[in-house]
Amino acid sequence: MAGRAPTVGDRVPDRPIGTPDRRLRVFVSSTLEELAAERAAVRAAVTALRLTPVMFELGARPHPPRDLYRAYLEQSDVFVGVYGDRYGWIAEDMAVSGLEDEFDLSAGKPRLLYVRTPAPGREPRLAELVERMQRTGGASTTPYRDAAQLAELVADDLAVLLTERFTGSAPADRGLAPGRLPAAPGPLVGRRAELATLTDLLRRPEVRLVTLTGPGGIGKTRLALAAAGALGPERDGVWFVDLAELRDAARVPEALAAALGVRTEGRRPPLDAVADRLGDRRSLLVLDNAEQVRGSATALAALLARCPGLTLLVTSRSVLGLRGEQDLPLQPLATPAPGEATAAAVTGTPAGQLFEARARQADPSFAVGPADAAAVAELVRRLDGLPLAIELAAARVRTLPPAALLRRLGTALDLGGAAVDAPDRQRTLRATIAWSHALLGPDEQLLFARLSVCKGCTLGTAEELGAVDGDVDVLEALSGLVAQSLVSPSDAGEEEPRFRMLGVVREFAAEQLRARGEEDAARERLAAHLVRLSADAGAGLGGPQQRLWQARLAAEAEDLQATLDWAAAGDRAELVVRLAAPLYRWWWARGQLVAMAELADRTAGLPSAARLPPRDAASLLWARGSTRIALGRTAEAAPLLAELVEDARALGDPWLLGHGLAASAMTRPPGDPDVRALLEEAVAGFRSCGDLWAVAYATVPLGDVLLLGGDAAAAADRHAEGLRLARQVGDDHLSALLLDQLAYDALLTGDVPGAAARLAEAAALHRALRDLEGLATCLGGFAGVAFARGDAPRAARLAGAAQAARDQLGVGVWPLLRPLIDQFDALVAGALPAERVAAERAAGAAADPWAVLDAELGDGPAG
Numbered sequence: 004m005a006g007r008a009p010t011v012g013d014r015v016p017d018r019p020i021g022t023p024d025r026r027l028r029v030f031v032s033s034t035l036e037e038l039a040a041e042r043a044a045v046r047a048a049v050t051a052l053r054l055t056p057v058m059f060e061l062g063a064r065p066h067p068p069r070d071l072y073r074a075y076l077e078q079s080d081v082f083v084g085v086y087g088d089r090y091g092w093i094a095e096d097m098a099v100s101g102l103e104d105e106f107d108l109s110a111g112k113p114r115l116l117y118v119r120t121p122a123p124g125r126e127p128r129l130a131e132l133v134e135r136m137q138r139t140g141g142a143s144t145t146p147y148r149d150a151a152q153l154a155e156l157v158a159d160d161l162a163v164l165l166t167e168r169f170t171g172s173a174p175a176d177r178g179l180a181p182g183r184l185p186a187a188p189g190p191l192v193g194r195r196a197e198l199a200t201l202t203d204l205l206r207r208p209e210v211r212l213v214t215l216t217g218p219g220g221i222g223k224t225r226l227a228l229a230a231a232g233a234l235g236p237e238r239d240g241v242w243f244v245d246l247a248e249l250r251d252a253a254r255v256p257e258a259l260a261a262a263l264g265v266r267t268e269g270r271r272p273p274l275d276a277v278a279d280r281l282g283d284r285r286s287l288l289v290l291d292n293a294e295q296v297r298g299s300a301t302a303l304a305a306l307l308a309r310c311p312g313l314t315l316l317v318t319s320r321s322v323l324g325l326r327g328e329q330d331l332p333l334q335p336l337a338t339p340a341p342g343e344a345t346a347a348a349v350t351g352t353p354a355g356q357l358f359e360a361r362a363r364q365a366d367p368s369f370a371v372g373p374a375d376a377a378a379v380a381e382l383v384r385r386l387d388g389l390p391l392a393i394e395l396a397a398a399r400v401r402t403l404p405p406a407a408l409l410r411r412l413g414t415a416l417d418l419g420g421a422a423v424d425a426p427d428r429q430r431t432l433r434a435t436i437a438w439s440h441a442l443l444g445p446d447e448q449l450l451f452a453r454l455s456v457c458k459g460c461t462l463g464t465a466e467e468l469g470a471v472d473g474d475v476d477v478l479e480a481l482s483g484l485v486a487q488s489l490v491s492p493s494d495a496g497e498e499e500p501r502f503r504m505l506g507v508v509r510e511f512a513a514e515q516l517r518a519r520g521e522e523d524a525a526r527e528r529l530a531a532h533l534v535r536l537s538a539d540a541g542a543g544l545g546g547p548q549q550r551l552w553q554a555r556l557a558a559e560a561e562d563l564q565a566t567l568d569w570a571a572a573g574d575r576a577e578l579v580v581r582l583a584a585p586l587y588r589w590w591w592a593r594g595q596l597v598a599m600a601e602l603a604d605r606t607a608g609l610p611s612a613a614r615l616p617p618r619d620a621a622s623l624l625w626a627r628g629s630t631r632i633a634l635g636r637t638a639e640a641a642p643l644l645a646e647l648v649e650d651a652r653a654l655g656d657p658w659l660l661g662h663g664l665a666a667s668a669m670t671r672p673p674g675d676p677d678v679r680a681l682l683e684e685a686v687a688g689f690r691s692c693g694d695l696w697a698v699a700y701a702t703v704p705l706g707d708v709l710l711l712g713g714d715a716a717a718a719a720d721r722h723a724e725g726l727r728l729a730r731q732v733g734d735d736h737l738s739a740l741l742l743d744q745l746a747y748d749a750l751l752t753g754d755v756p757g758a759a760a761r762l763a764e765a766a767a768l769h770r771a772l773r774d775l776e777g778l779a780t781c782l783g784g785f786a787g788v789a790f791a792r793g794d795a796p797r798a799a800r801l802a803g804a805a806q807a808a809r810d811q812l813g814v815g816v817w818p819l820l821r822p823l824i825d826q827f828d829a830l831v832a833g834a835l836p837a838e839r840v841a842a843e844r845a846a847g848a849a850a851d852p853w854a855v856l857d858a859e860l861g862d863g864p865a866g
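FYI, in our numbering the residues of the sequence shown are 4 to 866.
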C-alpha cells in the first residue's frame, strides 16, 4: 500500500502502469512499516511458487501512490491482504485509507485475507474493516501469529486456490449442468501407480466401466477424483455423483439426473432423460459409494448400452457384477516394515507421509522426528495403512503426541460392533472411528450423536439440534468435531457455512444416538426446526430474498423429504401439513406437483388427519384440490375446493379463501358467468393480505378469462400487471409463465412479432430453471406463431412436443387455456390432412423438447 502523500511533482499517468512481470500476479496489501516482516515473508512464499508478487515498494515509479497501487491491483490476478494493528494513512481527498481502498477495489478477484492474532492494539477502523471482511468479503479471514506461520499459510492457500480454479471438466453442452469435480479433501499420497493404472484403463475405448473396490476409508474417492481431474480435458464432460446417502437402488437414476441438471420430476423414467441428454457425448460419470445400491447395476448397464461415449468410474466396497466390468482393488497405503523406526524410513512410506501431512494440519509445527518415528511407524501399521483411520488419528497430535496416541490406541482397537462377516479392515475402520469418538469430550460426543439426524446443517441449525436446555456449548463442540475431522465444512451456496459428516462417520454417530435413546427426540427437534424454516421460507419466497431462500431450501431438501416421510410414517398429519404447505410455490417451481399430490392424498388418509386443526385441514384441502387441477383432474378437484372455500370463509382467512376461489374458478366449465367474479374476489383478498406473489399468480387465470371473453387488450393489461409484480418479488418461474401468457394475448390480437419476442424472453427463463411445465406452455405459444406465419406442419410438430413435455411431467393444460389449445388444434386440423397432422405431432413428441426449443430459437437443428 502507498506509504507517502502525493507531492507537487506527481502526475496522473496517461497510459496504464504495467506490473514488472507478466506471470500470474499476486497483489499484496498491508501497512508498509508495521508489517515489513510479514510483507517479506509473503513475497518469499509467492516467489517460491514461481508467481509474481505485486507490491508497492517493488517499483520506484513517478506516479501518485494511489494511481500506482490501483494500477498494480487492476493488473493483478489474486489479492492477498495482511492486517495487524494499523489502519493506515488517509489521504486528504479520501474517506478511507489506502488499505481499505485496496480491499474494496479487489472485489471480483480471488481474495486471501490474513489477520494477526492476537492484536490487542488494533485501531478501531481496522477492527471495523476486518469485521466487514468477515461479514461480506467473499472470503474467510485466516488468523496468523507471526511472519513464519503467515508464509506457510500463504503458500498453502495459493496452492489450494490454483488447484481449485483449474480442477474441473470441459464445458458442458447446452442443456446439461456444468460438470464440476469437488475439491479433494487432501493431496493424493502414495497412489501414483494406481493412478497411472486407472487413467490407462479409462482411456481404453473398449473399457466402459471401471470399479474401484476396497473397504471404507481406503481412499477410493480421492483416487477417483484425481483420475477424473486428469481425464477432464479429454472428455466432453465429467460429472461426480455421490451415492453415499442412498439406500434404495431405484433412486440412483434420480441422483444421476440431479448431477447432470436433468429434471427428475414427472412420470418419465429419469434414466431415459439421462440417456437422452448424454447421447453419444464422450462423457465420464464418477459414481461414488455405490456399495449399498448394487441393485442399480441393471440400470447402469442400460445407460452404458444407450450412451456409446459414456464411461463409468465407480467406487464401491464390492463389484457391480456387470459384463465388461474392470475391477481395480485398492490396497491400504504401504507402511514401514517392522523394525524400520527412523524418521526417514517412516516418512519414506505413503502411510507415514499421510500421517505427517494430516498432523501438520492440526499442529503446523509437527514433524516426524527421531523421538516420534517408532510410535508413528507402529501407529500406521496398527491402523493397517487405512487413510481415513490415519487421518483421524493424526488429527489428535495437538493434544496427544504419537507415543500417547499409541498407548490409547491399544485398547480402542479391540472395540467390536461390526457384523461378524464384515471384512477385517471394515471392522478396523469401525474401531478407529469408535476410538476417535472415545477421545471426544462429553459435549462433543453429545453433539456428534445429535447431528446424525441431518445430512448437513448450518451453525444455527446445529445449535437448535445439538443443545437441550443449554446442555452443550455447540460452537465449541462443533469446532472440536471439525478439528478432529469428524465433521467438515461444505459450501452450499448460502451466506452461512454448512457442516456435514462423511457417510460412514454419520452412520456411526447415528448408532451412538440410538444407544443414548435420543433418536426420536433429536428427530423431533429437527422437525420443529424445519417447520420454522418452512414458515420463514414460505414468506421469504414471495419477497426480494427469494433466491437466498431457494438456495437454503435446496440445501435442506433431503432433510425436508426425509422428515416428511418420517412424519407420514408416524401418522403425524399436522406435521406434514406444516412442513409442506408453506412451500407450495417452491414445490411447484421444482416440478414436484405430482409428488406433492401423492403426499397430500397419503396425508389425508392418515388417522390423525381427522384431528387436524381447522386451518391445517383447510390447507390440506387446498393442496389436494390445487394439485389435481395441475394434473388435469378438475372434476375431482371441484368438491375439495368447494369445501375449502366454505371453511376459509368460516375461518375468516382471506389468503386461503383467495386460493380456494382462484382454484375453484378453474374447475368451472368454459363460459361460466361466475368465474370472473370468483377470480376478482380472490385478487382482492390477496391484495388485502399484501401477498404480491399471490396477486401476480391470480392475474394468470383472470387474464385468461378476459381473453376467452374476447377482450385481449384487458387480458394483456392483467397479465402485464402480474409480470410487473412477479419481477418485483424476483420470481423467475412466475415471470416466465406470465411472459408466455402475454405472448398468447399478442397472438390473439395479431401481433405475431410481439408474441415471438415474449416467448423468446420466457424461453430463457424456462431453460435456466429447467422448467419443463413452462417449456410446454412456451412451445405451445411458438406453435401458434408458426401457424400465424403460415407454417402449419411446424405448428403441429411444436404442439406435439408441448404435449409430450406435459405427458413426461404428468401434468395437464391449465383449464382456462384448454379452450385456446382446442381452438388451435382445430385450426391445424383444418389446414392439413389428418395423416400429416398425426405424423408431425408424433415427430415433435419423439424429439427432446429442449432441443425443439433451441431449434425454434435458432440455436440448434430443426426437430
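Glycine is no exception: its CB is placed at the ideal position from the N, C-alpha and C atoms.
Figure out for me which residue from W625, A607, F502, R593 has the closest Cα to the Cα of D574. A607
Measuring alpha carbon to alpha carbon, tell me which residue in T345, R627, D366 is nearest A374. T345
Helix, strand or coil at V471 [DSSP, three-state]: coil
Assign W817 to buried or exposed, taking buried as 16 or more other Cβ atoms, counted over all protein chains shown, within 10 Å of its Cβ. buried
Exposure label - S493; buried when at least 16 CB within 10 Å: exposed
Cβ-based neighbour list, L820, same chain, cut-off 7 angstroms, excluding 5 preceding and 5 following: D707
Identify which residue in Y90, E155, A94 has its Cα closest to the Cα of P127. Y90
Which word fits M504, buried or exposed, when buried means at least 16 other C-beta atoms lie within 10 angstroms of its C-beta? buried
May I have the straight-line CA-CA distance separating L288 from L226, to the nearest angstrom? 14 angstroms
Residues in its own chain within less than 6 angstroms of A834 by CB, not counting five upstream and five downstream? A795
DSSP three-state call for G288: helix, strand or coil? A small fix is needed here, since residue 288 is Leu in this sequence, not Gly. Note: L288 maps to strand in three-state DSSP.
Looking only at its chain, what residues have a beta carbon closer than 8 angstroms to the beta carbon of A845, apart from the 5 residues adjacent to it on each side? G803
So, helix, strand or coil for P836, using DSSP? coil
V277 - DSSP class collapsed to helix/strand/coil: helix
Tell me whether Q329 sits in a helix, a strand or coil according to DSSP, three-state version. strand
Measuring CB to CB, does A899 end up less than 9 angstroms from E859? Because the chain is modelled from 4 through 866, residue 899 falls outside the range shown and cannot be assessed.
Measuring straight from C-alpha to C-alpha, what distance separates A542 and A258? 29 angstroms
Please list, in chain order, all residues of the same chain as A276 whose beta carbon is under 7 angstroms from its beta carbon, the five residues on each side excluded. A260, V265
Could you tell me how far apart the beta carbons of A592 and H736 are, in whole angstroms, since I believe they sit closer than 8 angstroms? 4 angstroms
Taking only three categories from DSSP, how would you classify G240? strand
Going by alpha carbons, who is nearest to A598 out of L695, L681, G661, G813? G813
Is A668 closer than 9 angstroms to A651 when the C-beta atoms are compared? no
Counting Cβ pairs closer than 8 angstroms, one from the segment 722–741 and one from the segment 523–539, do we hit at least three? no
Using 9 angstroms as the threshold, is the C-beta distance between E328 and V213 below it? yes
Could you tell me how far apart the beta carbons of L76 and E95 are, in whole angstroms, since I believe they sit closer than 8 angstroms? No, L76 and E95 are not in contact; Cβ-Cβ is about 21 angstroms, not under 8 angstroms.
Helix, strand or coil for A854 per DSSP? helix
Taking just the CA atoms, how far does A715 sit from R679? 15 angstroms
Nearest-angstrom Cα distance between G101 and Y72? 9 angstroms
Look up R28 in the DSSP assignment and say whether it is helix, strand or coil. strand
Under a Cβ-count criterion, where at least 16 other Cβ atoms within 10 Å of its own Cβ denotes burial, should R535 be classed as buried or exposed? exposed
Near R553, which residues of its chain fall below 6 angstroms by C-beta distance, leaving aside the five closest residues on each side in sequence? It is Gln, not Arg, that sits at residue 553 in the sequence shown. Counting only Cβ-Cβ distances below 6 angstroms, and skipping sequence neighbours, we find nothing.
Applying the 10 Å Cβ sphere with the 16-neighbour rule, what's the burial state of G111? exposed
Cβ-based neighbour list, W625, same chain, cut-off 6 angstroms, excluding 5 preceding and 5 following: L647, H662
Decide yes or no for the touch test of the segment 317–326 against the segment 187–207: beta carbon pairs closer than 8 angstroms, at least 3 of them. no
Segment limits, alpha helix (DSSP H) that includes V379: 376–385
Rounded to whole angstroms, what is the Cα-Cα separation between Y147 and A746? 59 angstroms
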